[in-house]
Amino acid sequence: MKEISESEMLHKMASYCSVAERCLQDVSKKLEASSLPEEAKERIKLRIIQEKFVDEKRFTRAFANDKLKFNQWGRIKIVSELRKKGISAPDINDAMLEINEGEYNDILQALLKSKNRTIKATNERERFYKLLRFAVGRGFTPQEGVSCLKKILSSTKTDFDYDEDMA
Numbered sequence: 003m004k005e006i007s008e009s010e011m012l013h014k015m016a017s018y019c020s021v022a023e024r025c026l027q028d029v030s031k032k033l034e035a036s037s038l039p040e041e042a043k044e045r046i047k048l049r050i051i052q053e054k055f056v057d058e059k060r061f062t063r064a065f066a067n068d069k070l071k072f073n074q075w076g077r078i079k080i081v082s083e084l085r086k087k088g089i090s091a092p093d094i095n096d097a098m099l100e101i102n103e104g105e106y107n108d109i110l111q112a113l114l115k116s117k118n119r120t121i122k123a124t125n126e127r128e129r130f131y132k133l134l135r136f137a138v139g140r141g142f143t144p145q146e147g148v149s150c151l152k153k154i155l156s157s158t159k160t161d162f163d164y165d166e167d168m169a
């Protein structure tokens, strides 16, 4: 395998970061696979940060926005994945505060309405809990799921009453 120089690796990392938003952990993983000395890897990381190819705040906002809109994840799942990527708590909190509450609830409602059409349940209670488990699995809180399900299932004329304290 051909040895790669520090400047070549810097260009590769700049290109890698230019294609999509990346966090420092993504860059570090790529650098670890190289045969460069540790000092060179650290210099590359510093340069990538200085030149704004990597910006943790920008990455966190983009990641949260994309996962909500395209993957339809709730806050819990987004936060969990950001923690796995080594993002700081203040950056995560800032990104979560930027999520539009109306859009967030609309996504959950559309997701549950869609899933409601495919659920096989013997009664409304079973349907309710299957949908609630689905919402929680997608990273929404039980309270958010219950609130949204009450709206959806009440519009389908059910007399089911659920105690929100149980969630």
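For reference, each letter of the sequence shown is one residue, going 3 to 169 in my numbering.
For every residue, glycine included, the Cβ atom is placed at its ideal position computed from N, Cα and C.
Since the model is a prediction, treat every value here as computed from it, not as a measurement.
The residue from Leu84, Glu128 and Pro39 with its alpha-carbon nearest to that of Lys59 is Leu84. In this chain, the alpha helix (DSSP H) harbouring Thr120 covers Glu103 to Thr120.
Restricted to the stretch 46-74, the alpha helix (DSSP H) segments that are unbroken, complete and at least 4 residues in length are 58-71, listed in chain order. Taking C-beta separations shorter than 8 Å and ignoring five residues to either side along the sequence, the partners of Leu134 in its chain run Pro144, Gly147, Val148, Leu151 and Ala169, following chain order. By the Cβ test, the stretch 40-48 is not in contact with the stretch 79-96, since fewer than three Cβ pairs between them sit closer than 8 Å. One thing to note: Ile109 has its Cβ within 9 Å of the Cβ of Leu70.
Under the three-state reduction of DSSP, Lys87 is assigned to coil, being neither helix nor strand.
Annotation for Pro144: the continuous alpha helix (DSSP H) segment containing it runs Pro144 to Ser157.
In this chain, the alpha helix (DSSP H) harbouring Gly139 covers Glu126 to Gly139.
Counted as a single uninterrupted DSSP element, the alpha helix (DSSP H) harbouring Leu12 occupies residues Glu8 to Val21.
Its Cα nearest to that of Ile78, the residue Gly141 stands out among Ser9, Gly141 and Lys153.
In the three-state scheme derived from DSSP, where H, G and I count as helix and E and B as strand, Leu38 is classed as coil.
Taking a C-beta distance under 9 Å as the contact criterion, Glu8 and Leu38 qualify as a contact pair.
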